[in-house]
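Heads up, the thing below is written out as structure tokens.
Number of protein chains: 2
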Amino acid sequence: MSDRTRGTVLAVDVGGTKLAVGIVGADGQVASSSRGPTPIGADGEAIWVALVALIDALPDVDQVTAVGVGCGGPMVWPTGLVSPLNMPAWRDFPLRGRLQSQFPGLDVRLHNDAPCLAAAEHWIGAGAGVDNMLGMVVATGVGSGLIVDGRLVNGNSGNAGHIGHVVVDPAGPPCSCGGRGCLEAIARGPALVAWARSQGWQPSGDGSARALADDARVGNAAAVAAFERAGRAVGIAIASSAALLDLSLVVIGGGVAQSGELLFAPLRAALAEHARIEFLRELRVVPAALGQDAGLVGAAALVLNGDRYWSPSVVALGVAESGRAGALGAAKHGG
Amino acid sequence: MSDRTRGTVLAVDVGGTKLAVGIVGADGQVASSSRGPTPIGADGEAIWVALVALIDALPDVDQVTAVGVGCGGPMVWPTGLVSPLNMPAWRDFPLRGRLQSQFPGLDVRLHNDAPCLAAAEHWIGAGAGVDNMLGMVVATGVGSGLIVDGRLVNGNSGNAGHIGHVVVDPAGPPCSCGGRGCLEAIARGPALVAWARSQGWQPSGDGSARALADDARVGNAAAVAAFERAGRAVGIAIASSAALLDLSLVVIGGGVAQSGELLFAPLRAALAEHARIEFLRELRVVPAALGQDAGLVGAAALVLNGDRYWSPSVVALGVAESGRAGALGAAKHGG
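These protein sequences, in sequence, are chains A and B. One rule links them: number in the working numbering = place in the first sequence (from 1) + 390. One rule links them: number in the working numbering = place in the second sequence (from 1) + 390.
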């Protein structure tokens, strides 16, 4: 780690409904933060202006020594051209480049939001001290980040962790990716709701997965069955992932996961049936420990603990940053 | 890399039917090698004696600077107590310790055979230059090793790569691991044969998967269907693994894979159906490039290219090697 990244950093967390920014210290604690709604509509610049306004209002933002960013995917990584699925106004928006212009001379590192959440849980959350874990989100979408042999995994294009597209039932429903039987096609919130309705659930409240959970808690059969089906699917995907990667821990957050035992009971039943190989006997599946600050902590982790959480290949950086790749490549080995 | 590992190394490849030893140069080329059958029966010492005889007969074995070993799992890793499934005479046999006694003062590094094969294909085989790949074996068992962000993955207990226990059909047949619907329960050679017989195949030749392939090539319907079923299962497991890890390449070897298009055609069909997410559009699946020397090359890679292929955690090494852990941990960062 260079001296430049020893101080506080600016953390940015960009989502389809919410923008968050914060100042994060070297210990991972959020010193100050600010949030606002993501402007809706076709104007990409309006989103950028809103983000800059949040940043400028942070105390001591002129003292930060680096910038870490988490953003919804997909993105060109590590270049940082972002096209978040649920933000149609940004297509190949140069988020990293824009922030670099705002903070000339500072490292600006950007990654997909799910890997950032996994980094946060690994750094100071439920996965602290664990070398092989998956940090998972079950919400409107289903995604994850992977910590393998103590490091955040990037994959070929920065997209490692797409557990939502692990096949849990080859004869299952079609998925938005074009495939069939993916975990996400069964366990994302809107899929639970749609399936429950097909089984006769009369939507209550706002008709969301949260309303479905409320009905399941009071015994609505279709609602209970929807969580049963989703929990089993999550358990099967975890069993497959854990066998492939020899994991000891899975941390789960996100709105659907907050339904608690409705999801976790069938999840554990599926694990008991499918995660049977000897070396998985101590596999633990636990709820996320960090709350709404997790995205900021994970974005900050990209720069504050880069040895573990930031390792684009020199080739990828060469494309992204031309002349700076050499220096960064060397810095990676500086310990 | 220390000077001690710059020279040639002794490579050892221990399997249930065959023992192989060789002298491997820094470029991964096998300078000399020798093979013999694995002694059958309950006498573990007889296997050890046969292995030592093969080693002692190698030319220039007194010149090697380190020892790399691949062995069938499971094992306690990196300690090197091995209990190969198909070698009941060895249960917690201290293979690493025995070899250490034969070569005092040299590094002796041991890993599961599938990760060694993946390391070999990545080092000088079909995966050279690729940062994210899976090296897979489809034979009497189904296993793999993983290269992620340019390094061989170990996992929590050295067991990463068990793709044979990825769930490809939650309603599928029981597996030897105690689970259900695992890839291995469908695609291992004996499973193909058993399923084909259940579909009316009258075993020809020696009744093996090879004989089944011969019958499939001349149009036997049950034999063709068995490969179709197995190929689809392999394709589904690859689709799941590639989405999870953002892979760009899968290399497949092993006896069942040598049946060629019988397996690869349905495999590609399943990939076309299930590996649809955008970032997998350039995923390639190819046959292994290295022949019978792959096991020796991979064992040698553990020491000749340790920066990529050998990274037990300091904690694990502390248990295994007490006082030496610090020195090895430091050496990892020496580049």
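Where is the CB? At the ideal position from N, CA and C, for every residue including glycine. None of these values were measured; they are calculated from a predicted model.
Exclusion of the five residues before and after A:Gly-540 leaves Asp-521 and Arg-698 as the residues of its chain whose Cβ lies within less than 7 Å of its Cβ.
Of the other Cβ atoms in all chains shown, 16 or more fall within 10 Å of the Cβ of A:Thr-530; this residue is therefore buried. Under the 10 Å beta carbon count, B:Asp-559 is surrounded by 16 or more other beta carbons and is classified as buried. Taken in chain order, the members of the stretch 544-566 of chain B whose beta-carbon sits within less than 9 Å of a beta-carbon on chain A are Asn-544, Gly-545, Asn-546, Ser-547, Gly-548, Asn-549, Ala-550, Gly-551, His-552, Ile-553, Gly-554, His-555, Val-556, Val-557, Val-558, Asp-559, Pro-560, Ala-561 and Cys-565. In this structure B:Pro-580 is exposed. Its beta-carbon is surrounded by fewer than 16 other beta-carbon atoms within 10 angstroms. Take B:Val-459, set aside five residues on each side of it, and the residues of its chain with a beta-carbon closer than 6 Å to its own are Val-402, Leu-500 and Ala-689, in chain order. Using a Cβ distance threshold of 9 Å, B:Ala-660 and B:Ala-629 count as a contacting pair. Residue-level contact check: A:Ala-516 does not touch chain B, since none of the beta carbons of chain B fall below 9 Å from its beta carbon.
Taken in chain order, the unbroken stretches of alpha helix (DSSP H) that lie wholly in the stretch 417-447 of chain A and span 4 residues or more are 434-446.
Scanning its chain for C-beta atoms nearer than 7 Å, with the 5 sequence neighbours on each side dropped, one finds around B:Asn-695 the residues Trp-513, in chain order.
Bridge pairing for B:Pro-484: B:Leu-471 [DSSP]. Leaving aside the five residues that flank A:Asn-544 on each side, the residues in its chain whose CB is nearer than 7 Å to its CB run, in chain order, Ala-550, Ser-701 and Pro-702.
One thing to note: B:Leu-542 has its Cβ within 9 Å of the Cβ of B:Ala-508. Using a Cβ distance threshold of 9 Å, A:Val-675 and A:Ile-626 do not count as a contacting pair. Neighbourhood of A:Ser-638 in chain B, by CB distance below 9 Å: Gly-545, Asn-546 and Ser-547, in chain order. Using a Cβ-Cβ cut-off of 9 Å, B:Gly-540 counts as an interface residue toward chain A, since at least one Cβ of chain A sits closer than that to its own. In this chain, the beta strand (DSSP E) harbouring B:Arg-674 covers 674-677.
For the options B:Val-646, B:Asp-604 and B:Val-454, the alpha carbon positioned closest to that of B:Ala-416 is the one of B:Val-454. Counting the other CB atoms within 10 Å of its CB gives B:Gly-609 a total below 16, which places it among the exposed residues. Just so you know, the alpha carbons of A:Pro-505 and A:Leu-634 end up roughly 18 Å apart. B:Gly-569 reaches chain A at Ala-629, Glu-663, His-664, Ala-665, Arg-666 and Ile-667, counting residues in chain order whose Cβ is nearer than 8 Å.
Residues of chain A whose Cβ lies closer than 7 Å to the Cβ of B:Asn-522 are, in chain order, Gly-545 and Asn-546.
Across the structure, B:Gly-405 and B:Ile-445 are spaced so that their CA atoms are roughly 15 Å apart. With respect to chain A, the C-beta atom of B:Ile-576 has no partner C-beta closer than 9 Å. For a Cβ distance threshold of 8 Å, residue set Glu-668 and Phe-669 of chain A lies close to B:Pro-464, ordered along the chain.
Secondary structure remark: continuous beta strand (DSSP E) runs of at least 3 residues inside the stretch 603-674 of chain B, in chain order: 639-643.
Legend: CB atoms of the stretch 425-445 of chain A lying less than 9 Å from CB atoms of chain B are not found in any residue.
As computed with DSSP, A:Gly-515 is found in no beta bridge at all. In the structure shown, A:Ala-550 falls within a coil segment according to DSSP collapsed to helix, strand and coil. Partner residues in the beta bridge of A:Leu-542, as assigned by DSSP, are A:Ile-537. Per DSSP, B:Gly-597 is not a residue of any alpha helix (DSSP H), being assigned neither H nor E. Within chain A, the residues Asp-539 have their CB atoms less than 7 Å from the CB of B:Ser-701, given in chain order. For B:Leu-582, the uninterrupted alpha helix (DSSP H) run begins and ends at 579-588, by DSSP.
In its chain, beyond the 5 residues on either side, Leu-653, Pro-656 and Leu-657 have a beta carbon closer than 6 Å to the beta carbon of A:Gly-621. According to the DSSP secondary-structure assignment, A:Val-451 is paired through a beta bridge with no residue. For A:Ile-626, the nearest CB of chain B lies under 9 Å from its own CB, placing it at the interface with that chain.
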